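Each step along the sequence shown adds one to the number in numbering that gives the first Met the number 0, with nothing skipped, and position 126 is 125. By construction, the Cβ of each residue, glycine as well, lies at the ideal position given by its N, Cα and C atoms. Since the model is a prediction, treat every value here as computed from it, not as a measurement. Reading through the structure tokens given below for one structure.
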Amino acid sequence: MAKINDNYLKLKAGYLFPEIGRRVRAFAEANPTARVIRLGIGDVTRPLPPAILKAFHDAVDDLANAETFAGYGPEQGYDWLINTIIDKSYKPLGVSLKTDEMFISDGSKCDCANILDIFALDNVVAIGDPVYPVYNDTNVMIGRTGEADDKGYYKNIVYMPCNEANGFIPALPAQKVDIIYLCFPNNPTGTVAGKAELKKWVDYANANDAVIFFDAAYEAFITDPAIPHSIYEIEGAKKCAIEFRSFSKTAGFTGVRCGLVVVPEEVMGTTSTGEKYSFNKLWLRRTTTKFNGASYPVQRAAAAVYSDEGWQQTREIIDYYMENARIIREGLAEAGLTVYGGVNAPYIWLKTPGGMTSWEFFDKLLNEANVVGTPGSGFGPSGEGFFRLSAFGNRENVIEAVERIKKNLK
Ligand code: MLT
Numbered sequence: 000m001a002k003i004n005d006n007y008l009k010l011k012a013g014y015l016f017p018e019i020g021r022r023v024r025a026f027a028e029a030n031p032t033a034r035v036i037r038l039g040i041g042d043v044t045r046p047l048p049p050a051i052l053k054a055f056h057d058a059v060d061d062l063a064n065a066e067t068f069a070g071y072g073p074e075q076g077y078d079w080l081i082n083t084i085i086d087k088s089y090k091p092l093g094v095s096l097k098t099d100e101m102f103i104s105d106g107s108k109c110d111c112a113n114i115l116d117i118f119a120l121d122n123v124v125a126i127g128d129p130v131y132p133v134y135n136d137t138n139v140m141i142g143r144t145g146e147a148d149d150k151g152y153y154k155n156i157v158y159m160p161c162n163e164a165n166g167f168i169p170a171l172p173a174q175k176v177d178i179i180y181l182c183f184p185n186n187p188t189g190t191v192a193g194k195a196e197l198k199k200w201v202d203y204a205n206a207n208d209a210v211i212f213f214d215a216a217y218e219a220f221i222t223d224p225a226i227p228h229s230i231y232e233i234e235g236a237k238k239c240a241i242e243f244r245s246f247s248k249t250a251g252f253t254g255v256r257c258g259l260v261v262v263p264e265e266v267m268g269t270t271s272t273g274e275k276y277s278f279n280k281l282w283l284r285r286t287t288t289k290f291n292g293a294s295y296p297v298q299r300a301a302a303a304v305y306s307d308e309g310w311q312q313t314r315e316i317i318d319y320y321m322e323n324a325r326i327i328r329e330g331l332a333e334a335g336l337t338v339y340g341g342v343n344a345p346y347i348w349l350k351t352p353g354g355m356t357s358w359e360f361f362d363k364l365l366n367e368a369n370v371v372g373t374p375g376s377g378f379g380p381s382g383e384g385f386f387r388l389s390a391f392g393n394r395e396n397v398i399e400a401v402e403r404i405k406k407n408l409k
């Protein structure tokens, strides 16, 4: 009989968001008249902006004519999209990148998971706690970890607690690590890191020959001009950092699927015999073997995000979500809750009232206010006692959810 990958059996529970979905469905079946408002998973609700939709439609029409038909594209993405992103999104930050340092994909979740293919299993990995669960679980799946302890910490992963005391920004690891996951603006806490903070990590990585996986999926939601949008704004980062970006939240592509990875040529690792080798070459090899590229219409739609019209319409939607974030943040603070995030990020991270556990608060809000959020403990043990609300709902629902929560807590 074929053997399974036993590493999957080490995983403690189902993936967080399907588990929440299961509980919400059970509640809705038992309470068919309840109007449940979902501010749990960070899924967008605004339709695609017209300029992007037009480019998407036009690209589908291209497929109807022999002259404009597109079959397999370059596995790593079309140059016209890559160069547009470099010009419109990186150059204004003072960051220059080569075309072959960027890889277009079908989304950041897969990229964050797939990148592990090109790193040896005996690398020591450091991740935040709480954290986007994909970083932790994919390391378990690939076999880098031992079993989890009673708290949920896996053997062989270095966890970096993020809590109120450190402002949800982890301290540098006390031991030498080889791979560090950083996510700013942070999912789930909504925290951002300034240049001095990021410099500390880049310096650590360069001094320890470590690689930083920098997840910048939420960079478009930064409102403070002093906060960096890319790790490459930090001197020395091109030697040690791989950056992930996503069109999901920025441009409403959660269902369309498009993301990108930047692997600068200078980021090097060593072979088992000690020679230096470029991760860029390995990632290209992996991509061309295991992927056939994001679809042509999707890449056309992604390029339209950067047209003048497309970007203006995209910005309006980002502003809409950030106004939601303000409404949630201020409303919950008025209700007496301690709230974090929601200023440079579309997530609000709140402390559960009365010492409730995260799941107790989840059940209370679901049953009594019919509002769905995400229990902080689902992001890691240090998330216990916290709760995340997403600002990606529609305005009416966001206002009503805040009113319901306020009433519920009175
Ligand atoms: C979240 O809610 O944390 C995100 O939507 C999950 C994701 O981007 O995969």
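Close Cβ partners of residue i (< 6 Å) along its chain, the five nearest in sequence each way excluded
| i | result |
| --- | --- |
| residue 368 | 403, 404, 407 |
| residue 75 | 102, 286 |
| residue 16 | 40 |
| residue 203 | 171 |
| residue 323 | 390, 397 |
| residue 290 | 74 |
Distance between residue j and residue i (C-alpha atoms, nearest Å)
| i | j | result |
| --- | --- | --- |
| residue 326 | residue 401 | 8 Å |
| residue 68 | residue 59 | 9 Å |
| residue 228 | residue 119 | 29 Å |
| residue 127 | residue 183 | 11 Å |
| residue 321 | residue 213 | 22 Å |
| residue 154 | residue 392 | 37 Å |
| residue 142 | residue 376 | 23 Å |
| residue 355 | residue 62 | 55 Å |
| residue 262 | residue 242 | 7 Å |
| residue 374 | residue 383 | 8 Å |
| residue 192 | residue 333 | 26 Å |
| residue 360 | residue 350 | 10 Å |
| residue 167 | residue 236 | 22 Å |
| residue 117 | residue 397 | 42 Å |
| residue 5 | residue 148 | 17 Å |
| residue 362 | residue 298 | 41 Å |
| residue 282 | residue 21 | 36 Å |
| residue 18 | residue 12 | 8 Å |
| residue 319 | residue 108 | 24 Å |
| residue 151 | residue 215 | 26 Å |
| residue 54 | residue 300 | 5 Å |
| residue 198 | residue 92 | 16 Å |
| residue 194 | residue 345 | 21 Å |
Exposure of residue i, with buried meaning 16 or more beta-carbon neighbours within 10 Å
| i | result |
| --- | --- |
| residue 56 | exposed |
| residue 110 | buried |
| residue 174 | exposed |
| residue 164 | exposed |
| residue 32 | exposed |
| residue 79 | exposed |
| residue 279 | buried |
| residue 159 | buried |
| residue 312 | buried |
| residue 3 | exposed |
| residue 186 | buried |
| residue 48 | buried |
| residue 273 | exposed |
| residue 125 | buried |
| residue 71 | exposed |
| residue 106 | buried |
| residue 8 | exposed |
| residue 224 | exposed |
| residue 296 | buried |
| residue 276 | exposed |
Distance between beta carbons of residue j and residue i, contact taken as under 8 Å
| i | j | result |
| --- | --- | --- |
| residue 137 | residue 156 | The pair is not a contact, with the Cβ atoms about 11 Å apart (cut-off 8 Å). |
| residue 162 | residue 381 | 6 Å |
| residue 238 | residue 217 | Going by Cβ atoms, the distance from residue 238 to residue 217 rounds to 24 Å, so no, they are not a contact pair. |
| residue 219 | residue 347 | Contact doesn't hold; Cβ gap of about 17 Å is too wide. |
| residue 251 | residue 45 | 6 Å |
| residue 245 | residue 258 | 4 Å |
| residue 226 | residue 343 | 6 Å |
| residue 190 | residue 340 | 6 Å |
| residue 130 | residue 176 | Not quite, the Cβ-Cβ distance comes to about 14 Å (not below 8 Å), so this is no contact. |
8 Å CB neighbourhood of residue i in its chain, flanking five on each side removed
| i | result |
| --- | --- |
| residue 35 | 23, 26, 27, 365, 369, 370, 371 |
| residue 94 | 229, 231, 232 |
| residue 205 | 235, 238, 239 |
| residue 135 | 126, 153, 156, 379 |
| residue 14 | 132, 136 |
Proximal residues to residue i (C-beta, below 7 Å), its chain only, five neighbours per side dropped
| i | result |
| --- | --- |
| residue 81 | 98, 101, 103 |
| residue 385 | 348, 349, 350, 351, 357, 375 |
| residue 50 | 303, 306, 308, 309, 312 |
| residue 200 | 179, 181, 211 |
| residue 112 | 133, 137 |
| residue 330 | 401, 405 |
| residue 253 | 42, 43, 247 |
Closer than 7 Å: residue i CB and nearest the ligand COA heavy atom
| i | result |
| --- | --- |
| residue 389 | In the structure on display, the ligand COA does not appear, and the ligands it does have are the ligand MLT. |
*asked:* When you compare the segment 302-317 with the segment 83-100, are there three or more beta-carbon pairs, one atom per stretch, that lie closer than 8 Å?
replied: Segments in contact, yes.
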